[in-house]
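Structure first, commentary second.
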Amino acid sequence: MYIEQGYKGNLGLWKYAFIPLGFLALMVFNYISTIMSPVPVEDYMQQLIDKLGSNTVLVILLAPLVVGLFLVLGWTKLVHEQSITSLTTSRKAIDWRRIFYAFTVWGLITAGMTYAYILFAPENYVFNFQMKPFLTLAIISLLLIPLQTSFEEYLFRGHLMQGLGILTKNRWFPLVVTSVLFGVMHLGNPEVSKLGYGIMVYYIGTGFFLGILTLMDEGLELALGFHAANNLITALLVTADWTAFQTESIYRDISEPSLSWDGLIPVFVIFPLLLYVFSVKYKWTDWTEKLFGRVLTEEEFKSLPENEQ
């Protein structure tokens, strides 16, 4: 009962609104600034990189989200008076093996797909590896990217999902809203201006995948591992002049950006297969109830034997 873990805090629905609304306001401001700017996003990013270096720019991009993670966790602990464990999972303790399992599985798939693209279309990639900048990138990425991705998971699939579930007393509404908002968060990314709004299918589809992972597994662990692997492996292996993360990666994609069918394979093929793999490994059952069922009231939840004082 992951959503019901929110009852373990000092409830007050306004407490669930403050951080998400503030973050979304910043995203709206960022998007409006992007579309109103006379300089295209990719050109502005390139100017920054030319001036400061890509590794420094990466730190600048990641730092606010890292601060956001500690803000969400601090708010949960101090204002909600809720444990970080209950924000993370319905289990008695955070299952780190789940985090590392999801990280390993998606990390290997991402690396394999990347090298398959390079093998079958070598003209689209150049070898970009330079030891010193890459090692700096690796240190920055290992330290900051898992914190950045954890912020997004704790905000959307944690804080917001529990709050909306408790408010509406169902599971489908927070799944839909957090997934759509997760996609909307990426509207200001340079990929959207280059590939068009069709790429939002990928972002929103990824939000649904991560939301389903969270509800079916009754915790954030699999989503935390998957998301960290997705951003970390991508940042280290391949970059392009039109992506949000322009890094000193091993390869650089020099192809003309376009959205084709292969960009949607993860959403419609790989993610469903991964859900099946996870469901077998962790013996998921009762999909309808976990995704569309009713959220218990606070009284019902606290009356359960395991929650009785």
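Taking the numbering used here, the leading residue of the sequence shown gets 1, the next gets one more, and so forth.
Each residue gets a CB set at the ideal place from its N, CA and C atoms; glycine is no exception.
From a predicted model like this one, the values you see are computed outputs, not experimental measurements.
Worksheet item: Per DSSP, Asp95 is paired with what?
Response: For the purposes of this step, residue 95 is identified with residue 95 of the sequence shown, where counting begins at 1. Partner(s): none; Asp95 has no beta bridge.
Worksheet item: Rounded C-beta distance between Met216 and Ser279? I'm assuming under 8 angstroms.
Response: As a working mapping, residue 216 is identified with position 216 in the sequence shown. As a working mapping, residue 279 is identified with position 279 in the sequence shown. Sure, about 7 angstroms apart at Cβ, within 8 angstroms.
Worksheet entry | Of the residues Asn55, Trp14, Thr114, the one placed nearest Thr76, counting alpha carbons only | By one-based count along the sequence shown, residue 76 stands at place 76. For the residues Asn55, Trp14, Thr114, the minimum Cα distance to Thr76 belongs to Trp14.
Discussion item. Tell me which residue opens and which closes the alpha helix (DSSP H) that Tyr203 is part of.
Written reply: Here the question's residue 203 lines up with position 203 in the sequence shown. Note, Tyr203: alpha helix (DSSP H), 200–217.
Item to complete: Would you mind reading off the limits of the beta strand (DSSP E) that contains Val238?
Response: Translated into the one-based positions of the sequence shown, residue 238 becomes position 238. Residues 238–240.
Worksheet item: So, is Met131 buried or exposed, given that buried needs 16 or more other C-beta atoms within 10 angstroms?
Response: In the sequence shown, residue 131 corresponds to position 131, counting from 1. Classification of Met131: exposed, given that the 10 Å Cβ count is below 16.
Discussion item. Strictly by DSSP, which residues pair up with Asp253?
Written reply: Numbered from 1 along the sequence shown, position 253 holds the residue referred to as residue 253. DSSP lists Tyr125, Ala240 as partners of Asp253.
Worksheet item: Does the Cβ-Cβ distance between Ile140 and Glu221 come in under 8 angstroms?
Response: Numbered from 1 along the sequence shown, position 140 holds the residue referred to as residue 140. Numbered from 1 along the sequence shown, position 221 holds the residue referred to as residue 221. Cβ distance not < 8 angstroms, so Ile140 and Glu221 don't count as in contact.
Worksheet item: Should Pro266 be labelled buried (16 or more other beta-carbon atoms within 10 Å of its own) or exposed?
Response: Reading the sequence shown from its first residue, position 266 is the one you call residue 266. Burial call: buried.
Worksheet entry | Assigned secondary structure, Thr297 (DSSP; H/G/I helix, E/B strand, else coil) | The sequence position of residue 297 within the sequence shown is 297, counting from 1. Coil.
Worksheet item: If you draw a straight line from the C-alpha of Gly211 to the C-alpha of Pro40, how long is it?
Response: In the sequence shown, residue 211 corresponds to position 211, counting from 1. In the sequence shown, residue 40 corresponds to position 40, counting from 1. Cα to Cα, Gly211 sits roughly 32 angstroms from Pro40.
Worksheet item: Between the Cα of Leu87 and the Cα atoms of Leu304, Leu224, Pro272, which residue gives the shortest distance?
Response: Looking up residue 87 in the sequence shown gives position 87. Of the listed residues, the one whose Cα sits closest to Leu87 is Leu224.
Worksheet item: Can you list, in chain order, the residues of its chain whose CB lies under 8 angstroms from that of Leu291, leaving out five sequence neighbours each side?
Response: Here the question's residue 291 lines up with position 291 in the sequence shown. Cβ within range, chain order: Arg171, Trp172, Leu175, Ile212, Leu215, Met216.
Discussion item. By alpha-carbon positions, which one of Lys194, Gly74, Ile3 ends up nearest to Ser258?
Written reply: Here the question's residue 258 lines up with position 258 in the sequence shown. Ranking the options by Cα distance to Ser258, first place goes to Lys194.
Discussion item. I'd like the list of long-range same chain contacts for Leu5, defined as Cβ closer than 6 angstroms, with 5 residues on each side in sequence excluded.
Written reply: Numbered from its first residue, the sequence shown carries residue 5 at position 5. Residue identity check: residue 5 is Gln in the sequence provided, not Leu. Excluding sequence neighbours, Gln5 sits near Ser86, Ser90.
Worksheet item: Assuming Gly112 and Ala229 make a contact with CB atoms under 8 angstroms, what is their CB distance in whole Å?
Response: Against the sequence shown, residue 112 aligns to sequence position 112. Against the sequence shown, residue 229 aligns to sequence position 229. Going by Cβ atoms, the distance from Gly112 to Ala229 rounds to 12 angstroms, so no, they are not a contact pair.
Item to complete: Assign Asn10 to one of two classes, buried (16 or more other C-beta atoms within 10 Å of its C-beta) or exposed (fewer than that).
Response: Residue mapping note: residue 10 aligns to position 10 of the sequence shown, counting from 1. Classification of Asn10: exposed, given that the 10 Å Cβ count is below 16.
Item to complete: Could you check how far apart the C-beta atoms of Phe127 and Tyr251 are, in whole angstroms? I think they sit under 8 angstroms.
Response: Taking the sequence shown and counting its residues from 1, one reaches residue 127 at position 127. Taking the sequence shown and counting its residues from 1, one reaches residue 251 at position 251. Confirmed, about 6 angstroms.
Discussion item. Going by DSSP in three states, Thr89 sits in which element: helix, strand or coil?
Written reply: Against the sequence shown, residue 89 aligns to sequence position 89. Note: Thr89 maps to strand in three-state DSSP.
Practice prompt. Would you decide whether Met36 is buried or exposed? Buried here means 16 or more other CB atoms lie within 10 Å of its CB.
Written response: Within the sequence shown, the letter at position 36 stands for residue 36. It is exposed - the Cβ of Met36 has fewer than 16 other Cβ atoms within 10 Å.
Fill in: Segment limits, alpha helix (DSSP H) that includes Val269
Sequence index remark: in the sequence shown, residue 269 carries index 269 (1-based). Val269 -> no alpha helix (DSSP H), and no H or E assigned at all.
Fill in: Residues of its chain near Leu187, where Cβ-Cβ distance is below 6 angstroms and the 5 sequence neighbours each way are ignored
The sequence position of residue 187 within the sequence shown is 187, counting from 1. Answer for Leu187: Tyr31, listed in chain order.
Practice prompt. Label Ala121 either buried or exposed according to how many other C-beta atoms from any shown protein chain fall within 10 Å of its C-beta, with 16 as the threshold for buried.
Written response: By one-based count along the sequence shown, residue 121 stands at place 121. By the neighbour-count rule (16 or more Cβ atoms within 10 Å), Ala121 is not buried but exposed.
Practice prompt. Determine the direct distance from the alpha carbon of Gly53 to that of Lys92, and round the result to whole angstroms.
Written response: Stepping through the sequence shown from its first residue, residue 92 is reached at position 92. Stepping through the sequence shown from its first residue, residue 53 is reached at position 53. For Lys92 and Gly53, the distance between alpha carbons rounds to 44 angstroms.
Worksheet item: Is the distance from the Cβ of Tyr154 to the Cβ of Leu73 below 8 angstroms?
Response: The sequence position of residue 154 within the sequence shown is 154, counting from 1. The sequence position of residue 73 within the sequence shown is 73, counting from 1. Taking 8 angstroms as the Cβ cut-off, Tyr154 and Leu73 qualify as a contacting pair.
Discussion item. Taking a contact to mean a Cβ-Cβ separation below 8 angstroms, would you say Asp236 touches Ser249 in this structure?
Written reply: Along the sequence shown, one-based indexing puts residue 236 at 236. Along the sequence shown, one-based indexing puts residue 249 at 249. This sequence places Leu at residue 236; Asp is not what is there. Yes. Within cutoff.
Worksheet item: With distances taken from CA atoms, which of Pro64, Gly165, Gly198 is nearest Ser260?
Response: Start at 1 with the first residue of the sequence shown, and residue 260 comes out as number 260. The shortest C-alpha separation from Ser260 is found at Gly198.
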